[in-house]
Amino acid sequence: MTLPPVRGPLKAKFVAAIRRLLHPVVRQLVTYGVSYPALSRLLKQIYVEVAEQDFALPFKRLTDSRVSLLTGINRKEIVQLRRRPSRSTAVVEVEDTLATHVLGRWMASPPYASRDGVPRRLPYDVSDSATPSFARLVREVGVDIPVRSVLDELLRQGAVELLPNGDVAVVREANIPQDDIEAKLTLLGADPGELFTTIVHNIEHPEAPLLQRKVVYDNIGADALVQLREEARRLGEEFIRRANALLATQDRDRNRDAPGGRRTRVVLGTHYFEEPYEPSPPAPVDSPLPGRIRRSR
């Protein structure tokens with residue numbers, strides 16, 4: 042469905058929302074030494090890429106003039122920008138790592154996890170091929186790397202531990218090493234964009250909304266935050282385990298009986314956020330309410 046151009050008050054509200062969204066983005070740009078001229082060049086390239094990918098007409102070639110009309114960028118600059126190779130990358134490389142595959146399969150379903158996605162302790166290897174083991178798990182994932190090397194990497198990342206009896210246990214279900222800043226920055230390029238796209242979908246398609254929920258309270262005492270963070274992490278990890286188990290049942294790489302159709306990437310996530318909050322002072326009692334006529338006495 043093609044939506045009409047947004048104009049007037051709705052466009053102004055959209056710009057105000059984007060301004061608020063960009064504040065933390067610009068703060069980090071300054072922190073990382075990315076100047077406004079550098080960001081401006083990047084934005085121009087992205088504007089051109091979006092025009093080419095999402096606004097091409099089905100019946101004719103997308104000309105430089107049309108790209109200039111869509112983006113507001115000078116036509117001469119459009120010519121130069123379209124000649125440059127695109128630097129955009131496909132979806133998050135960090136989502137396609139060894140740890141992702143192994144931990145995802147481990148938490149997906151029996152025999153390696155409970156039906157709720159709680160990963161079980163596994164013996165490193167067993168002679169009985171039908172008994173769940175870490176070695177069997179790695180072989181099922183299909184990575185062409187020795188089992189011991191896979192274990193060493195997961196141990197290095199702090200994702201698993203080797204118990205005294207020889208069992209292997211998951212100790213951190215997230216697949217991003219805590220000190221791997223590069224991997225976390227890769228997620229920065231994916232997660233906010235996914236949430237933004239979901240919100241826009243719900244604005245433009247109210248008849249078929251996607252999941253978008255959060256809980257907000259604005260008068261929580263700071264002394265409660267430590268406990269809240271721990272409880273929120275526990276609830277979030279339980280949710281992610283269940284979500285992983287749910288999506289795994291429909292993943293055609295793991296389940297040959299899963300429904301067919303066009304290949305689709307599905308993301309189901311959650312997050313926690315906190316910030317200091319100072320409510321706006323209440324309006325004076327004798328001040329008129331917005332939109333209400335004040336009559337003179």
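Using the working numbering, read the sequence shown as starting at 42 and increasing by one per residue.
Just so it is clear, CB atoms sit at the ideal spot from N, CA and C, and this is done for glycine as well.
6 Å Cβ shell around residue i - same chain, five flanking residues per side excluded
| i | result |
| --- | --- |
| residue 142 | 182 |
| residue 293 | 299 |
| residue 167 | 174 |
| residue 132 | The predicted model places residue 132 with a pLDDT of 42, which falls under 50 and marks its position as unreliable; any figure quoted below should be read in that light. Nothing listed; no residue qualifies. |
Simplified DSSP assignment, three categories, for residue i
| i | result |
| --- | --- |
| residue 67 | helix |
| residue 50 | helix |
| residue 185 | coil |
| residue 149 | helix |
| residue 78 | helix |
| residue 163 | strand |
| residue 134 | Bear in mind that a pLDDT of 46 at residue 134, under 50, signals an unreliable position, so the number given afterwards is only what the model happens to contain. Correct three-state label for residue 134: helix. |
| residue 97 | coil |
Spatial neighbours of residue i in its chain, beta-carbon cut-off 8 Å, leaving aside the 5 residues before and after
| i | result |
| --- | --- |
| residue 211 | 144, 147, 148, 160, 200 and 201 |
| residue 153 | 146, 147, 160, 161, 163, 173 and 178 |
| residue 285 | 145, 148, 149 and 158 |
Contact check, residue i vs residue j, beta carbons under 7 Å
| i | j | result |
| --- | --- | --- |
| residue 112 | residue 88 | yes |
| residue 238 | residue 253 | no |
| residue 188 | residue 171 | no |
| residue 209 | residue 165 | yes |
| residue 289 | residue 295 | yes |
| residue 242 | residue 229 | no |
| residue 277 | residue 305 | no |
Residues of its chain near residue i, where Cβ-Cβ distance is below 7 Å and the 5 sequence neighbours each way are ignored
| i | result |
| --- | --- |
| residue 248 | none |
| residue 298 | none |
| residue 235 | 308 |
| residue 213 | 199 and 200 |
| residue 119 | 89, 105, 108 and 109 |
| residue 395 | The structure shown does not extend to residue 395, since the chain is modelled only from 42 through 338, so no value can be given for it. |
| residue 96 | 111 |
| residue 116 | 105, 106 and 109 |
Status (buried if at least 16 other CB within 10 Å, exposed otherwise) for residue i
| i | result |
| --- | --- |
| residue 92 | buried |
| residue 314 | exposed |
| residue 186 | exposed |
| residue 256 | exposed |
| residue 57 | exposed |
| residue 195 | buried |
| residue 114 | buried |
| residue 263 | exposed |
| residue 53 | exposed |
| residue 79 | exposed |
| residue 71 | exposed |
| residue 191 | buried |
| residue 55 | exposed |
If we require 4 or more residues per run, which alpha helix (DSSP H) segments fall completely within the stretch 232–299?
232–245 and 266–291
| message | List, from N- to C-terminal side, the alpha helix (DSSP H) runs of 4 residues or more that fit wholly inside the stretch 168–212. | response | Those alpha helix (DSSP H) runs which fall completely within the stretch 168–212 and span 4+ residues are 175–182 and 188–198.
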